[in-house]
Amino acid sequence: MFLWPLFTTPAPEAIAHTSDAPLIFVVILPVLIAIVLAELSSGGIDAKTLAMLGVLSAINAALRPLGAGTAGIETVFFLLVLAGRVFGPGFGFVLGSTSLFASALLTAGVGPWLPFQMVASSWIGLGAGLLPRRVKGKAEIAMLAAYGVLAAYSFGFVMNMWFWPFTTGIQTDLSFVPGAPLLENLHRFFVFTLVTSTFGWDTGRALTNLVAILLAGPAVLAVLRRAARRAAFP
0 MFLWPLFTTP
10 APEAIAHTSD
20 APLIFVVILP
30 VLIAIVLAEL
40 SSGGIDAKTL
50 AMLGVLSAIN
60 AALRPLGAGT
70 AGIETVFFLL
80 VLAGRVFGPG
90 FGFVLGSTSL
100 FASALLTAGV
110 GPWLPFQMVA
120 SSWIGLGAGL
130 LPRRVKGKAE
140 IAMLAAYGVL
150 AAYSFGFVMN
160 MWFWPFTTGI
170 QTDLSFVPGA
180 PLLENLHRFF
190 VFTLVTSTFG
200 WDTGRALTNL
210 VAILLAGPAV
220 LAVLRRAARR
230 AAFP
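If you want it as structure tokens, here you go:
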């Protein structure tokens with residue numbers, strides 16, 4: 000999804016991926032359904048977990064407009080990290096996609112970028128669910144806060160790749176060069192990301208995750224775990 004332009008010569012487009020984004024979106028939906036069915040068949044989730052998935056997706060959709068990406072502030076990811084931690088990687092992966100899809104409908108953010116945002120957010124939820132389970136207490140909060148920072152920069156990195164080969168123009172040190180060696184284009188992309196994103200928007204997103212997890216993380220984890228116990232999640 001993200002890297003294929005590095006291995007071919009993409010046609011310039013007013014908006015990146017206007018041709019392949021609908022196909023990618025159509026492919027993502029059965030993948031999400033397959034993950035849910037696999038989790039159901041393995042006992043990883045049940046009907047109560049699906050209900051919790053819907054509730055958390057709605058909460059995340061409502062949280063996102065509070066930041067709306069202003070100065071990099073994104074309020075949607077910290078709950079995704081915490082929920083993935085409590086309910087596991089499969090739940091976190093699906094929650095990442097459903098949260099971004101629901102918030103896009105709420106904020107009129109539907110566009111060719113949406114399937115890429117959904118998958119990138121799913122990776123964040125998946126990674127949170129794969130973190131070491133033995134870590135508890137303050138060490139767990141520190142681990143999740145560090146992961147939230149890393150996830151923020153990673154999200155910005157892959158989402159920059161979503162549009163960079165199509166819209167950065169030509170004949171600049173930051174431009175994608177069709178047919179150039181892979182390492183040369185990656186070097187240009189790293190410089191582009193550092194200059195335009197890492198020190199600005201991505202840092203704002205990272206600080207939002209860090210502060211939210213440090214301040215609200217213990218209480219939110221306790222609530223989610225209490226809900227999991229009362230609902231007798233597997």
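Numbering (numbering that gives the first Met the number 0), first residue to last: 0 to 233.
C-beta: ideal position from N, C-alpha, C; glycine also.
Computed from a predicted structure; not experimentally measured.
Whole-number beta carbon distance between residue j and residue i, since they are thought to touch under 8 Å
i, j, result
"isoleucine 34", "glycine 89", "6 Å"
"tryptophan 161", "phenylalanine 1", "6 Å"
"leucine 52", "leucine 94", "6 Å"
"aspartate 45", "leucine 36", "Wrong, their Cβ atoms sit about 12 Å apart, outside the cutoff."
"arginine 187", "phenylalanine 198", "Between phenylalanine 198 and arginine 187 the Cβ distance is about 17 Å, and since that is not below 8 Å, they are no contact."
Same chain, Cβ closer than 8 Å to residue i, neighbours up to 5 away in sequence not counted
i, result
"glycine 128", "Gly83, Arg84, Phe86, Gly87, Pro88, Gly89, Phe90, Gly91, Phe92"
"glutamine 116", "Leu99, Ala103, Met158"
"isoleucine 212", "Phe77, Val80, Leu81, Ile140, Leu143, Ala144, Gly147"
"glycine 216", "Phe77, Leu81, Ile140, Leu143, Ala144"
"glycine 108", "Ser102"
"leucine 130", "Arg84, Met142, Leu143, Tyr146"
"leucine 55", "Leu78, Ala82, Leu94, Ser98"
"leucine 214", "none"
Own chain residues within Cβ distance below 6 Å of residue i, not counting five before or after
i, result
"alanine 150", "Ile123"
"proline 4", "Pro164"
"valine 222", "none"
"phenylalanine 24", "Pro114"
"aspartate 132", "Note on residue identity: the sequence assigns arginine, not aspartate, to residue 132. Correct list: empty, nothing qualifies."
"leucine 125", "Pro88, Gly91, Phe92"
Of the listed residues the options, nearest to residue i (C-alpha basis)
i, options, result
"phenylalanine 191", "Gly155, Arg224, Arg225", "Gly155"
"serine 18", "Gly110, Val75, Phe6", "Gly110"
"valine 26", "Ala179, Ser96, Leu181", "Ser96"
"tryptophan 163", "Leu193, Gly136, Lys137", "Leu193"
"arginine 224", "Thr8, Leu62, Lys135, Leu39", "Lys135"
"alanine 60", "Arg187, Ser120, Ala20, Phe189", "Ser120"
"arginine 63", "Ala50, Thr207, Thr8, Ala179", "Thr207"
"leucine 209", "Thr195, Val222, Pro29, Tyr152", "Tyr152"
"isoleucine 58", "Ile44, Val75, Leu49, Asp45", "Val75"
"alanine 227", "Phe175, Ala50, Asp201", "Ala50"
"phenylalanine 189", "Leu173, Arg132, Leu94", "Leu173"
"leucine 6", "Pro29, Leu65, Pro180, Thr166", "Note on residue identity: the sequence assigns phenylalanine, not leucine, to residue 6. Measuring from the Cα of phenylalanine 6, the nearest candidate turns out to be Pro180."
"lysine 137", "Trp200, Val118, Leu220, Leu125", "Leu220"
"valine 118", "Ser196, Trp200, Leu28", "Leu28"
Residue i beta carbon near the ligand FMN (any heavy atom closer than 7 Å)
i, result
"serine 18", "Of the ligands one can find in the structure shown there are none, so the ligand FMN has no counterpart to examine."
Contact set for residue i: own chain, Cβ-Cβ below 7 Å, skip 5 residues either direction
i, result
"proline 177", "Thr8"
"alanine 205", "Val148, Ala151, Tyr152"
"aspartate 201", "Gly71, Ala151, Tyr152, Gly155"
"asparagine 184", "Leu5, Phe175, Val176"
"serine 196", "Gly155, Asn159"
"leucine 65", "Thr74"
Whole beta strand (DSSP E) elements within the stretch 145–233, 3-residue minimum: none
Could you pull out every unbroken alpha helix (DSSP H) segment of at least 4 residues lying fully inside the stretch 34–102, listed in chain order? Fully enclosed alpha helix (DSSP H) runs of 4 or longer: 46–66, 76–86.
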